[in-house]
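**Student:**
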Ligand SMILES: CC(C)(COP(=O)(O)OP(=O)(O)OC[C@H]1O[C@@H](n2cnc3c(N)ncnc32)[C@H](O)[C@@H]1OP(=O)(O)O)[C@@H](O)C(=O)NCCC(=O)NCCS
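In the UniProt record's numbering, the protein residues as written are 1 to 192.
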């Protein structure tokens, strides 16, 4: 049996309109959007405690690192990096990273975040819809999974809407800056 992953080419460009009338495009980012993506990620860490990076850690990002990040997804189409672009500005992203080792290549780990000003407009739902279609077409990924902070009710509801199921909980796995310990829930979906 070959250990090489099959070549996969899936081009994503989705156009929508938000309830506000603004245009939403879901697509892969260009290398010259590294600065915009970095600023978006940094702002997200200031706006939400549901992400792993602290704002201070996010300040350690730089444009060249972000460019490498985008390039690594462009060069390896077995992974997915999507941005949500509203009226020309990056306001959200979604990643799926395929398992690195042969024994994990049938699974992909997902991450998603959107800038606070753009919450509750259906952008998360549209990113998830695009991701699920991509995963269904993927030659090897059969399972999409991730971990979510246990009190992130909105995100968990979004995932349940797509039939993701909870399959485990790591008690106290997250320590917030104020000392609070929060459980991490693992969720997954079989996409084939
Ligand atoms: C979680 C997140 C990605 C959702 O994105 P969004 O664009 O606001 O989501 P949508 O507008 O598509 O709404 C998704 C669903 O959330 C649910 N929802 C909205 N508000 C809710 C609330 N207060 N409580 C529970 N569920 C809620 C609804 O079911 C909605 O789906 P529906 O309107 O189609 O029924 C976004 O809030 C975010 O980036 N949060 C901060 C970062 C984060 O938590 N990332 C996930 C880490 S695992």
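Idealized CB from N, CA, C, for every residue including glycine.
Keep in mind the model is a prediction, meaning the values are calculated, not measured.
For residue 63 versus residue 35, is the C-beta distance shorter than 9 Å?
**Tutor:** As a working note, residue 63 is residue 63 in the chain shown. As a working note, residue 35 is residue 35 in the chain shown. Yes, they are a contact pair.
**Student:** Please name the residue, chosen from 100, 47, 147, 38, that lies closest to residue 118 on a Cα-to-Cα basis.
**Tutor:** Within the chain shown, numbered from 1, the residue matching residue 118 stands at position 118. With distances taken between Cα atoms, residue 118 lies closest to 47.
**Student:** Given a threshold of 16 other Cβ atoms within 10 Å of its Cβ, counted over all protein chains shown, does residue 82 qualify as buried or as exposed?
**Tutor:** Locating residue 82 in the chain shown gives position 82, where the first residue counts as 1. With 16 or more Cβ atoms within 10 Å of its Cβ, residue 82 is classed as buried.
**Student:** Ordered along the chain, which non-local residues of its own chain (more than five positions away) have a Cβ less than 6 Å from that of residue 1?
**Tutor:** Within the chain shown, residue 1 is the residue found at index 1, counting from 1. For residue 1, the predicted structure reports a pLDDT of 48, less than 50, and the residue's modelled location is therefore unreliable. The matter cannot be settled from this model.
**Student:** What is the DSSP secondary structure of residue 1, counted as helix, strand or coil?
**Tutor:** Along the chain shown, read from residue 1 onward, the residue named residue 1 stands at position 1. Bear in mind that a pLDDT of 48 at residue 1, under 50, signals an unreliable position, so the model cannot answer this.
**Student:** Any idea if residue 102 is buried or exposed, counting beta-carbon neighbours within 10 angstroms, 16 or more meaning buried?
**Tutor:** Taking the first residue of the chain shown as 1, we reach residue 102 at position 102. Per the 10 Å Cβ criterion, exposed.
**Student:** Kindly list the residues whose CB is nearer than 8 Å to the CB of residue 92, restricted to its own chain and excluding five residues on each side of it in sequence; keep chain order.
**Tutor:** Counting from one through the chain shown, the residue named residue 92 turns up at place 92. Contacts found: 40, 83, 84, 112, 113, 114, 115, 118, 123, 124, 127.
**Student:** Considering only their Cβ atoms, is the gap separating residue 106 from residue 140 smaller than 9 Å?
**Tutor:** Here residue 140 refers to the residue found at position 140 of the chain shown. Here residue 106 refers to the residue found at position 106 of the chain shown. A contact, by the Cβ cut-off of 9 Å.
**Student:** For the alpha helix (DSSP H) holding residue 24, just list the boundary residues, first then last.
**Tutor:** Taking the chain shown and counting its residues from 1, the one referred to as residue 24 is at position 24. Run containing residue 24: none in the alpha helix (DSSP H); it sits in the beta strand (DSSP E), 23-27.
**Student:** May I ask you to check if the CB of residue 148 is nearer than 8 Å to at least one heavy atom of ligand 1?
**Tutor:** The count along the chain shown starts at 1 and reaches residue 148 at position 148. Yes.
**Student:** Going by the CB atoms, is the gap between residue 110 and residue 86 shorter than 9 Å?
**Tutor:** Along the chain shown, read from residue 1 onward, the residue named residue 86 stands at position 86. Along the chain shown, read from residue 1 onward, the residue named residue 110 stands at position 110. Cβ distance not < 9 Å, so residue 86 and residue 110 don't count as in contact.
**Student:** In the structure shown, what three-state DSSP assignment does residue 145 receive?
**Tutor:** Reading the chain shown from its first residue, position 145 is the one you call residue 145. Note: residue 145 maps to strand in three-state DSSP.
**Student:** Per DSSP, residue 108 forms a beta bridge with which residues?
**Tutor:** Position 108 of the chain shown holds residue 108. According to DSSP, residue 108 bridges with 98, 144.
**Student:** Would residue 11 be called buried (16 or more neighbouring beta carbons within 10 Å of its own) or exposed?
**Tutor:** What you label residue 11 is simply residue 11 of the chain shown in a count that begins at 1. By the neighbour-count rule (16 or more Cβ atoms within 10 Å), residue 11 is not buried but exposed.
**Student:** Does the segment 60-76 come within contact of the segment 14-21, defined as at least 3 CB pairs closer than 8 Å?
**Tutor:** The segment 60-76, when compared against the segment 14-21, does not touch it at the 8 Å Cβ threshold.
**Student:** So is residue 165 buried or exposed if we call it buried at 16+ other beta carbons inside 10 Å?
**Tutor:** Taking the first residue of the chain shown as 1, we reach residue 165 at position 165. Residue 165 comes out exposed.
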